[in-house]
Each structure stands twice: as C-alpha cells, then as structure tokens.
Amino acid sequence: MLSRKVKLKSLYVFMTMILLLGLLHPGLVFAAGSANTEEDNAEETPVEEIEESVEAEAPEETEGSTEDIEESFEAEESVEEVAEPAETEENVEESVESVETGENTEEAAESDGTEEKTEEAELQPTVFEVNTVLDITEETEGLVTISVDTTSDVEITSLKWLEGNRTVEDFDGAGHGIDLETASFTVEENGTYTVYASNAKGVEAVSTIMVDNIVEPDPEPEIDFDLYVEPGTISEWDSARRGVQIFAYDLPPNAEVQLIIPGTDIDMMLIANSDGNLGGNLTFEAAAGTYSVTLTLGDVSKTADIVVQSNEDYYTYTLESSVHTEKEVITESEATAEFLTVTGRDFPSMEYIDIILNGDHIETIEGGGFIFSHDLDISQLPIGTHTVEFVHPAGSGEASFTIVPDEQGTFPPAGTYEGKTHQTIAGGIEFDEPSEYEVALTVDENGILTQFETEYFWFCSAPGEGGTSSFSITAETPITADQPFEIKIGSNTLTGTVHADGTASGTGYVGSECGASIFEWSAELDGAVDPEPQPEEFEVELTPDTTEETEGAVTITVTTTSDVELTSLKWLAGDRTAEDFVDAGNEIDLETMTFTVEENGIYTIYALNADGVVTLSTIEINNITDSGDGDGTDPGDGDGTDPGDGDGTDPGDGDGTDPGDGDGTDPGDGDGTDPGDGDGTDPGDGDGTDPGDGDGTDPGDGDGTDPGDGDGTDPGDGDGTDPGDGDGTDPGDGDDSDSEDNTLPYTSTHLFSLLAIGTAILFIGLALLMFRRKQNA
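Under my numbering, think of the first position of the sequence shown as 1, with each following residue one higher.
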C-alpha cells in the first residue's frame, strides 16, 4: 500500500503533466496544421495504436484498489518501501540473448555427445576436385587453351599450372598463375600439365591433363623459279607497241608476284596459274638503254635484262612508202554512210604502224609490207580537207581527202579550159624524164563539167613495151567553184578543182595490168574571165507585234530580202556595229524569225546570209509601260500604290489625302477613323474627345463606360469607387455585397479545431490543480 503522501505527490505530478500538455498542445497543433490531410491521418494512426498498447499493458485494478489508494495517502512514511520494477529493458535484452545463445535452456542442457561429434565433423574442410578441359581436341598448329573448373563449395583463392606430373608440394612458391576470372591458360607444346587450386578454407587440390594435338606446320617450300624475256633486244618504237614476252616457270601455284622494270612506269602484281607458270606481253615507254626486268616472290627475286635501241640504230634502212585513199573527194552523205579505205605501199613487213588523222594518233595497226589497207572511220569529220598518215620509223606516207556538201555551190566560169599534163609514173614506174600532153576541159553555164580530153604514156616492164593512149571522160558532173571534184569511170579517175579565177588543175589516174600511169594536169579558161559576181546586199525589216502601250513584253518579227538562205541571226540591246556581234549576241531562231524584249530602248539585229553578206538593222521600242504595276513610281495614276502622291487613291498610305479611307491619317474628315484628332467624330478611339461614345476612354463623362476612372458612374467595374453597385469590390460601402471578403481557406478551419481542443485540455488541467490545492488547504 502506498502512503498518502506518495499518492498526493503522484497526483500532483499527473496534474502538472496535464497542465504542460495544455500549454504545448497549441504549438503542436500549429505544426500539424501545416501538413496535408494524408500526413495527419498517417500520424494519427500510430498514436492511437500506442494509446491502445499502453492501456493493454496497464495492470488491471483489483477491487478495493480505491480504498487502498486512499489508505496510502495516510501512510506517507512508507514511500521507501516501493518495490523495484521486476524487469528492466536491460534484463529483457539479456533474457533474449540468453535464449538465442542457448544458455540456460533445456535443449542446451540436454545436448549429448552425438551432436557434438556432428558439429566437429561439419568444421572439417571439404575436399574438392579440379577439372580441366581443352578448347580443341583436333590437330592444330596453334595454341591450345585449357579451361579450369572445380567442385569447391567455397571461393577459389589461387589457380596455378606447371608442366609435368606434379604434386601439391611442387606448387609451394612456384607455378604459373591462372586468372581467377577467366580460369584458363594456353600452352604451345604437347605434354602433361598439372593444375593446382586452393580455396578459402585452405583446401588444396591438383589435376593433370595431357595435350597431344599440337602439330608442327609444314615447312615452307623452297622458292626457285626461272624468268625469261623475249626478245632481248628491241627498238624504242616496238617497246611501246609490240612489247616483249615475259615467262616465269616453277612458281608456287596461284602465287602472286611483283613485276618491276626500274626506269619505267612498270610496277604491277601478277598471279601465276595453277601450274605455277606465268606468261604475257608487256609494253612500256623507254628511251635507249638496258633495263632489268625484276620478278619478286617473297624474299626471292629473279631478273632478266632488256636492251632498248634507238630507232635510228635499230632500223638501218629507209623505205619509199606511200599512202592513197580510195576516194579523194567524198560528199557529206557518203562520209556518214561508209568507211574510207586507205592503202599503204612499201612499208616494213609485219610491223606496227601508227595511223594519224589530222595530226592526232587514233590507233596502231599491225601490218605493213608491200601493200596493205585499212578502213578509216570518217563519219564524225566535218566538211573540209583532211589528212591521213601511216607512220613507221622506216617509212611513212600521207594522203589528203576532202568532204564536200551534197548540194552544188557557186558555178565556176563557163567555157573551155586548155593546158598541159605532166606525167612521171607509167606502169607503176617513176621516170626521170616527164611526159607532157595537151589537155582540154569544158564547163557549161550551169557549172557542169561536160568533157575532159588528154593523152598519157603507158608502159609494161615485162615485155619492155610502152606507148601513148587517149584519156577521155564525158560526164555530166556538177562542180562548184574552188571546190574539189572527183570523177571515176572504170579504172580511170579524174580529180581536180576549177577556180573562180578561170584556172583549173588536178590529177589523172589510169589503172592497168602493167601498172598505174599517173599524171598531173593544169589549164586556164580560153578567153576573158567574166568578173566574179558580187553578192547582193539585202535589207532587214523589223516589225513589233504591237505599237500600242502595253504592260507586257513586245515580240519583234524579222524579215529580209535576201535571195539566199540566212546562216545567222542575232540581236543586242543598243545601237551596235557588226564587230559587236563577233562571238556575241542573242541568237534568233531561223525558223520563227522572232524575239521578245521586256524593256523600252533601241535594239540592233545582225543578219548573215550564205553569200557572206552582213546586214544590220535597228528598232526602237517605247510603248512598254508600267502603269498599274504597283511599283509606286507613277504618282497620280490612281492605282493606289504611290503613297504620299496626294491623289487620294492610296488608302492607308498615311499621307492624309484620302478622306474616308479609314486609315486614321485624315483628321477632321469626319469618317471617324482618326483617333486622337480631337474632332469628336471617332467614337471608341480612346482619345477622350468623344463623350458618351461608350468606349470607356472618356473618364468623367458620366456615361458609365469607363471602369476605373473613379467617377463612380461605372457600377460593376471593380475599381471600388461605386458604393452600392453590388459588385462586392467596395469594402465598407455597406451594401453587404462583399461577404466573400471573410471567407477563410480550408486549412484554417482544421487548425482552429485543434487549437480549441488544446485550450480545453489546458483549462481542465488548471481546474484539477486548483481543486487539489483546495483539498490540501
């Protein structure tokens, strides 16, 4: 039983705690009120659980406990007899620890010898095995990787290997370390290898593995091959055309070798065939000298020398070579339809001949000999005279041929031309003394060659006979002045040119079994030569498609009085001369004969006809206008694109000359579109000069349309200057329309409730304290 004094002190302490709780509660409530509702709920749950726990742990009161408490107040001297708590927190922890370690438990007391032996057995290290595996079991010329694995139930701390059959003791301070992550190592030779492993418990184990699949690679075969070059001596000409033959034998099959000729641009890779042989032709540019052909395979190289001689030293002879074309005069249509056969005579036999056309090398052919021919492609050649050459260091020749238009041109002077022939070749033999014969030809008024008459000397070397024969050609052949012609009749061929000045010349060719007879001829017109007619001048007329004012381009049509075809038509801006059109000018289509211009000005037209006559003509264009083009360069045109011109046709230009355009730049025009002009005709412009317009920009006008002007005539504008307007924005105006001014946020209601509870607890504590004191008194 507690004494009365102790009971009083306990009650005093309890009331003091209640008082302190009342004092502290508002502060705790204020802190709690700042948190959200979810956090309040989360915090309230554990508090309730704690209170329930405390109530559960409190000892149940027995009957008569109240009397015992009252009696305890009278026994204050017995305070020292209050007993110590039966269990403290430390006692509980010691009790738990005692249970966990098995101390003072029945099971610990009943342990027998069998369990002790089991524990001792469990403490003994477990033996494990080491397993090794080869990454490859087939024969290999490379390394072999050995992978290591163990059956240890704890971590492996060391892996090593040694050659041979070893024991654990052999690895004491020795052995090649094995990476614990990869758990593998490589070996290069066959043999027995021992692997050592130890784990975290100190258990050691070894295992051996036999490697016998590493084989030695086959030795590289000894390289020895032969190299030959033919011919050993060659000319500069042939080294670049015929070339040399290179042979190599006894190479490894399909071997890749390097071929080099120092001093030249030859440096290439070649591949032998499956039999180990190599052969081919090689051409190269080289000056006279000795060159070493080098063939290399790996570290082995073989060489063979080539001697290149100059053309002068190699070809010790010179031939009288010649070249002839099947035709000397070819029409344009013939040139595009067929090849031209070119024949060479007396060239070196079986040699390489360069073909040169108009100075350009086009191809090299293998041929030569006493006579050979080649078909030449002339389809891309223009009208004019061209030269073809057959070239070899020991003999060369050339011939000319002319491509002419299909149509006849200017006629030569009509009449009979007389002259002589000059013959040096008969029967294919060239004579020292030439033969001469009279020649005559006739050209009519239409430029037609109607007759050619002369004689020639023939000769047959076999019987040693010769004589004179007639050479006559009667043909209706149109010819053009100063342009070559060719007439072929049987084995006879006549070529020549009749000039506009009344002269003519050419060649006659007669074929026979005894050999060709060739003569040159020349003649002049019998009588006076009519003066060459001069080309007629012509005029150029230019006509625009319109002479009225136009906003678009003007098309100009060109017409001429030329009797012959125009070959060129151009135009340039400005007044120009013929020299200005040299490599310049805008081309005019010769079919449409029109062109267009987009600007006013003077234009010059250049016209050239087939007779070479040039005519210039000019035209001035001044009817292209830009009215209404919107470029703002035409004041007063009324298109509204010229601001500031004052014509009143440009609304919105801001020049103030367009009343009623609504751009607000014409004050006083009365159209109401000029805010701020003060004429009072612009309601809503906001310049405050239009009272009663209702735009709210005229404070004090009393029309009630100007919120915030403070004139009190705008109820509901929210400026707080309109008492009694009921918009709730005028505090203290007494119209009770501002009730929402006292609305508190949601969190304030919760806080207020908590503060009220705290205050109530405080008052209860104070009341209990005063009651206790009163009883004591």
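Quick reminder that beta carbons are idealized off the backbone N, C-alpha and C, glycines included.
Item to check | Beta-carbon gap between E551 and N623 smaller than 8 angstroms | outcome: In the sequence shown, residue 551 corresponds to position 551, counting from 1. In the sequence shown, residue 623 corresponds to position 623, counting from 1. For E551 and N623, no; Cβs fall outside 8 angstroms.
Checklist entry - Looking at C-alpha atoms only, which residue of V229, T615, A255 is the closest neighbour of T294? => result The residue you call residue 294 lines up with position 294 of the sequence shown. When each option's Cα is compared against that of T294, the closest is V229.
Next on the checklist: Helix, strand or coil, according to DSSP, for R788 in the structure here?
Outcome noted: The structure shown does not extend to residue 788, since the chain is modelled only from 1 to 777, so the question has no answer here.
Checklist entry - In its own chain, which residues sit with a C-beta less than 6 angstroms from the C-beta of P544, not counting the 5 before and 5 after it? => result What you label residue 544 is simply residue 544 of the sequence shown in a count that begins at 1. For P544, where only same-chain residues beyond five positions count, the Cβ hits under 6 angstroms are V554, I556.
Item to check | Endpoints, beta strand (DSSP E) assigned at Y193 | outcome: Taking the first residue of the sequence shown as position 1, residue 193 is located at position 193. 191 to 199 is the extent of the beta strand (DSSP E) around Y193.
Checklist entry - Is N199 buried or exposed, if buried means 16 or more other CB atoms sit within 10 Å of its CB? => result The sequence position of residue 199 within the sequence shown is 199, counting from 1. Counting Cβ neighbours within 10 Å, N199 comes out buried, since at least 16 surround it.
Checklist entry - What number of angstroms, rounded off, separates the C-alpha of I260 from the C-alpha of T233? => result For the purposes of this step, residue 260 is taken as the residue at position 260 of the sequence shown. For the purposes of this step, residue 233 is taken as the residue at position 233 of the sequence shown. When rounded, the distance between both Cα atoms is 18 angstroms.
Next on the checklist: Let's see if you can read the secondary structure: which residues bound the alpha helix (DSSP H) around N311?
Outcome noted: Taking the sequence shown and counting its residues from 1, the one referred to as residue 311 is at position 311. Counting along the chain, the alpha helix (DSSP H) containing N311 begins and ends at 311 to 314.
Next on the checklist: Can you find the residues in the same chain that come closer than 6 angstroms, C-beta to C-beta, to F171, ignoring five residues on each side of it along the sequence?
Outcome noted: Within the sequence shown, residue 171 is the residue found at index 171, counting from 1. Excluding positions up to five away in sequence, the list reads K160, Y196.
Item to check | Presumed contact (8 angstroms Cβ cut-off) between F339 and L381, rounded CB distance | outcome: As a position in the sequence shown, residue 339 is number 339, starting the count at 1. As a position in the sequence shown, residue 381 is number 381, starting the count at 1. At roughly 12 angstroms, the Cβ-Cβ gap does not stay under 8 angstroms, so F339 and L381 are not in contact.
Checklist entry - Is G601 buried or exposed, if buried means 16 or more other CB atoms sit within 10 Å of its CB? => result Residue numbering aside, residue 601 sits at position 601 when the sequence shown is read from its first letter. G601 comes out exposed.
Next on the checklist: Quick check: the Cα distance between T290 and S310, rounded to an integer number of angstroms?
Outcome noted: Position 290 of the sequence shown holds residue 290. Position 310 of the sequence shown holds residue 310. If you take the alpha carbons of T290 and S310, they lie about 11 angstroms apart.
Checklist entry - When the distance is taken between beta carbons, is T151 closer than 8 angstroms to E129? => result Here residue 129 is taken as the residue at index 129 of the sequence shown, counted from 1. Here residue 151 is taken as the residue at index 151 of the sequence shown, counted from 1. Yes. Within cutoff.
Checklist entry - What's the C-alpha gap between V308 and V404? => result In the sequence shown, residue 308 corresponds to position 308, counting from 1. In the sequence shown, residue 404 corresponds to position 404, counting from 1. Rounded to whole angstroms, V308 to V404 spans 46 angstroms at the Cα level.
Checklist entry - With which residues is S379 paired in a DSSP beta bridge? => result As a working mapping, residue 379 is identified with position 379 in the sequence shown. DSSP output for S379 lists no bridge partner at all.
Item to check | Closest by C-alpha distance to D153, when choosing among K201, W458, E141 | outcome: In the sequence shown, counting from the first residue as 1, residue 153 sits at position 153. Of K201, W458, E141, the residue nearest in Cα terms is K201.
Item to check | Contact set for Y314: own chain, Cβ-Cβ below 7 angstroms, skip 5 residues either direction | outcome: Mapped onto the sequence shown, residue 314 falls at position 314. So the list reads S235, once near-sequence residues are dropped.
Item to check | Inter-residue spacing [alpha-carbon to alpha-carbon] between D265 and L282 | outcome: The residue labelled residue 265 in the question sits at position 265 within the sequence shown. The residue labelled residue 282 in the question sits at position 282 within the sequence shown. Distance between the alpha carbons of D265 and L282 is about 12 angstroms.
Checklist entry - Would S349 be called buried (16 or more neighbouring beta carbons within 10 Å of its own) or exposed? => result For the purposes of this step, residue 349 is identified with residue 349 of the sequence shown, where counting begins at 1. Answer is exposed; the Cβ neighbour count stays below 16.
Checklist entry - So, using beta-carbon positions, are T145 and V215 closer together than 8 angstroms? => result In the sequence shown, the residue the question calls residue 145 occupies position 145. In the sequence shown, the residue the question calls residue 215 occupies position 215. It is not a contact, given that the beta carbons lie outside the stated cut-off.
Checklist entry - Thinking just about the alpha-carbon of each residue, which of D501, L441, E591, S435 is nearest to the one in S517? => result Numbered from 1 along the sequence shown, position 517 holds the residue referred to as residue 517. Out of D501, L441, E591, S435, S435 has the C-alpha closest to the C-alpha of S517.
Checklist entry - DSSP on S739, reduced to helix/strand/coil? => result The residue given as residue 739 occupies position 739 in the sequence shown. Caution applies to S739, whose pLDDT of 41 falls short of 50 and renders its modelled position unreliable; the model cannot decide the point.
Checklist entry - Mapping DSSP to helix, strand and coil, what is I757? => result For the purposes of this step, residue 757 is taken as residue 757 along the sequence shown, with counting starting at 1. Of the three classes helix, strand and coil, the one that applies to I757 here is helix, per DSSP.
Item to check | At least three beta-carbon pairs within less than 8 angstroms, the segment 480 to 487 to the segment 402 to 419 | outcome: yes
Checklist entry - Who are K420's beta bridge partners in DSSP? => result The residue you call residue 420 lines up with position 420 of the sequence shown. Answer is E438, S522, bridged to K420.
Checklist entry - Does the segment 319 to 328 come within contact of the segment 247 to 256, defined as at least 3 CB pairs closer than 8 angstroms? => result no
Checklist entry - Name the DSSP beta bridge partners of S617, please? => result Residue numbering aside, residue 617 sits at position 617 when the sequence shown is read from its first letter. Its beta-bridge partners are I605.
Checklist entry - Quick one: Cα of Q423 to Cα of G612, how far? => result Stepping through the sequence shown from its first residue, residue 423 is reached at position 423. Stepping through the sequence shown from its first residue, residue 612 is reached at position 612. The straight-line gap from Cα to Cα measures roughly 39 angstroms.
Checklist entry - Considering only residues of the same chain and omitting the five flanking positions on each side of S568, which have a CB-CB separation below 6 angstroms? => result Taking the sequence shown and counting its residues from 1, one reaches residue 568 at position 568. Cβ within range, chain order: L608.
Next on the checklist: Using CA atoms only, rank isn't needed, just tell me which of I378, V323, H361, A578 is closest to E334.
Outcome noted: The sequence position of residue 334 within the sequence shown is 334, counting from 1. Closest option to E334, Cα to Cα, is I378.
Item to check | Buried or exposed by the 16-neighbour rule on C-beta atoms within 10 Å, applied to D736 | outcome: As a first step, residue 736 is located in the sequence shown; it is residue number 736 there, counting from the start. Any reading at D736 needs caution, since the residue's pLDDT is 44, under 50, leaving its predicted position unreliable; the model's value is listed next. With fewer than 16 Cβ atoms within 10 Å of its Cβ, D736 is classed as exposed.
Next on the checklist: Here's the rule: buried if 16 or more other CB atoms are within 10 angstroms of the residue's CB, otherwise exposed. What is G496?
Outcome noted: Sequence index remark: in the sequence shown, residue 496 carries index 496 (1-based). With 16 or more Cβ atoms within 10 Å of its Cβ, G496 is classed as buried.
Item to check | Reduced DSSP category for M770 - H, G, I as helix; E, B as strand; rest coil | outcome: Taking the sequence shown and counting its residues from 1, one reaches residue 770 at position 770. DSSP places M770 in helix when its eight states are reduced to three.
Checklist entry - Is it true that the CB of I365 sits closer than 8 angstroms to the CB of I355? => result Indexing the sequence shown from 1 puts residue 355 at position 355. Indexing the sequence shown from 1 puts residue 365 at position 365. Yes, the pair counts as a contact, with Cβ atoms nearer than the cut-off.
Next on the checklist: Using a 10 Å radius around the Cβ and a threshold of 16 neighbouring Cβ atoms, would you call L180 buried or exposed?
Outcome noted: What you label residue 180 is simply residue 180 of the sequence shown in a count that begins at 1. That one is exposed.
Next on the checklist: Going by C-alpha to C-alpha distance, which of E155, P221, K570 sits closest to D589?
Outcome noted: As a working mapping, residue 589 is identified with position 589 in the sequence shown. The option with the nearest alpha carbon to D589 is K570.
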